[in-house]
Structure formats: C-alpha cells, structure tokens
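Reading the sequence shown from the start, the letters are residues 0 to 172 in numbering that gives the first Met the number 0. Virtual Cβ for every residue (Gly too), placed ideally from N, Cα, C. Some notes on the structure that comes next.
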Amino acid sequence: MLRTVFAGAFASLLLAGAAQAQTPDPAVYHTLTTQWRGPDQCLDIKNDKVDKTPWLATCGRFSGQYWSIQPAGGGYVRLTTLWRGPEQCLDIHNDGKNNNRPQLAKCGNFSGQHWKITRLPNGFDRLTTQWRGEDMCLDVINNKTDRELQLAKCGNFSGQHWRITATRRPVKK
0 MLRTVFAGAF ASLLLAGAAQ AQTPDPAVYH TLTTQWRGPD QCLDIKNDKV DKTPWLATCG
60 RFSGQYWSIQ PAGGGYVRLT TLWRGPEQCL DIHNDGKNNN RPQLAKCGNF SGQHWKITRL
120 PNGFDRLTTQ WRGEDMCLDV INNKTDRELQ LAKCGNFSGQ HWRITATRRP VKK
C-alpha cells in the first residue's frame, strides 16, 4: 500500500513538473527552433522593408535570431530580438485580416505580447499568448515554404514544439 501511494505521489510530481517550463534566463539571448523543422531553422525576423515579420530561417549568427526572454508578470514573458531591440516585442496581429499572425510591434502592456512557455513531456516547449489563451499555439504553417508562423489550435504537432536554447551572448540592460 505504501509503495502504491509513493508511486502515485511521485508520478504526480513528474506530471506537475512537465507542465511548467523553467523560465529561460533573462540575462542571455536564446535561439528558438521547432521539433518539425529541426535545429537548423531558427525563429528570425525577415530583413525586408518593414523588418517586423517573424519566420523560420537557416540558423546563423544573425541578430534577428537572438531572442531576449524577459518576465512580464503572472507567469508570462516578453520576447524581443537583439536586432530590433527591447522596444519591439513579439506580438499577434489583431486587425481582422491577419489575425493570429505574429509580428514585431512597439512593446506595451498588451496581452498579445505576453507569452506563456509550457514544458511538454517530450522536453520541448509550447508558446501561447495571454490574449488568445492556452488553446492557441505558435505554429509553423505547413505550406510551400514551411517557414511562416501563426497561432493555431494546439495539438500534438511538431511545428508547435519549440526548443529554447540559451546562448552565451548577454542581454545588455
């Protein structure tokens, strides 16, 4: 009987730990990749006329691929890049036309800029926003490029499984 109780308590602790990701170190930049696209495709910002569209690109030492992850309160974080700086946050469009598409936007106290990182049993993380809730995950669109991003209904999809890797590059305050 005691063994059964202990095993049940131990399993509960494991499951509780699996649901909460350890907050990434805010003192260093991170790279983000997906299980689906692998470790060679990093979350980046398109270098185009508007310089605000997140997508997956070949990993390299590019400032748009270095993400600062800072606490935003209530278990949420804000994500900014080394390239665009601490005033441009990863946000979700709310314009009717591009709903659920990520963008960089001027940082503010907006629920679309408050991201929750949830650890999955496979060791990857799921990214959701306070605005759209825990049922809508940052996902890679399965289309001709397999690089574009959106929020989509959460499921066991490898394009929604993110690996957040700390770099040695410090975030300057």
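Identified DSSP bridge partners for residue i
{"i": "Thr80", "result": "Trp66 and Gly84"}
{"i": "Glu147", "result": "Trp54"}
{"i": "Ile163", "result": "Leu31"}
{"i": "Ala104", "result": "Cys88"}
Buried versus exposed, by CB contacts within 10 Å (16 or more), residue i
{"i": "Asp94", "result": "exposed"}
{"i": "Val49", "result": "exposed"}
{"i": "Ala26", "result": "exposed"}
{"i": "Thr127", "result": "buried"}
{"i": "Leu1", "result": "Low confidence applies to Leu1: its pLDDT is 43, below 50, so where it sits in the model is not reliable enough to give any reading."}
{"i": "Arg167", "result": "exposed"}
{"i": "Lys115", "result": "buried"}
Other residues of its chain near residue i: CB distance less than 8 Å, five sequence neighbours each side excluded
{"i": "Arg131", "result": "Ile91, Asn99, Gly111 and Leu150"}
{"i": "Arg83", "result": "Ile44, Asp50, Lys51, Gly63 and Leu103"}
Residue range of the beta strand (DSSP E) that includes residue i
{"i": "His29", "result": "Val27 to Thr33"}
{"i": "Trp130", "result": "Segment: none, Trp130 is in no beta strand (DSSP E) and carries neither H nor E."}
{"i": "Gln40", "result": "Gly37 to Ile44"}
Cutoff 9 Å: residue i Cβ touching any chain C Cβ
{"i": "Lys172", "result": "You won't find chain C in this structure, because it holds only one protein chain."}
Own chain partners of residue i with C-beta closer than 6 Å, once the 5 adjacent residues on each side are dropped
{"i": "Gly158", "result": "Thr33, Trp35, Asp138 and Val139"}
{"i": "Leu55", "result": "Arg36, Gln40 and Arg146"}
Inter-stretch contact at 8 Å, needing at least 3 Cβ pairs: the stretch 150-167 / the stretch 23-41: yes
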